[in-house]
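Below is one structure; the comments refer to it alone.
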Amino acid sequence: MEEVIIVPIVIGTLFLGLPWLILHYITKWKQAKTLTGEDEQLLDELYDTARRLENRLHTVERIISADHPDFRPAVRSDEDLAQLENNMSRRN
């Protein structure tokens, strides 16, 4: 009598439960790989913040180099900064 109950449970588990479980987690993994709209917005905000901080750093470096002739900016020349400022003004 117990064998009659166990056989449908095992067959149901193998042919219904296991494939459902596998497909469920495959779907979850695929969803986790994509960026949500909220993630994209956060990345845009972080990018804008990083660019503004970089502009501030270069402005400080230019001010220091104007006050101290021996100081040299670490990353960019004045021409690069002017081009960056032009790009920023066109964007706004």
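Sequence positions in the sequence shown follow this note's numbering and run 36 to 127.
The C-beta atom is built at its ideal place from N, Cα and C for all residues, glycine as well.
What does the alpha-carbon distance come out to for the pair residue i and residue j?
| i | j | result |
| --- | --- | --- |
| isoleucine 41 | aspartate 79 | 56 angstroms |
| threonine 62 | leucine 88 | 39 angstroms |
| glutamate 75 | leucine 81 | 10 angstroms |
| histidine 93 | threonine 84 | 14 angstroms |
| leucine 53 | glycine 72 | 33 angstroms |
| lysine 65 | proline 104 | 56 angstroms |
| leucine 49 | arginine 86 | 55 angstroms |
How far does the alpha helix (DSSP H) with residue i in it extend, from its first residue to its last?
| i | result |
| --- | --- |
| proline 54 | 53-68 |
| aspartate 83 | 72-102 |
Between residue i and residue j, how many whole angstroms is the CB-CB distance? I'm expecting something under 8 angstroms.
| i | j | result |
| --- | --- | --- |
| arginine 107 | serine 100 | 7 angstroms |
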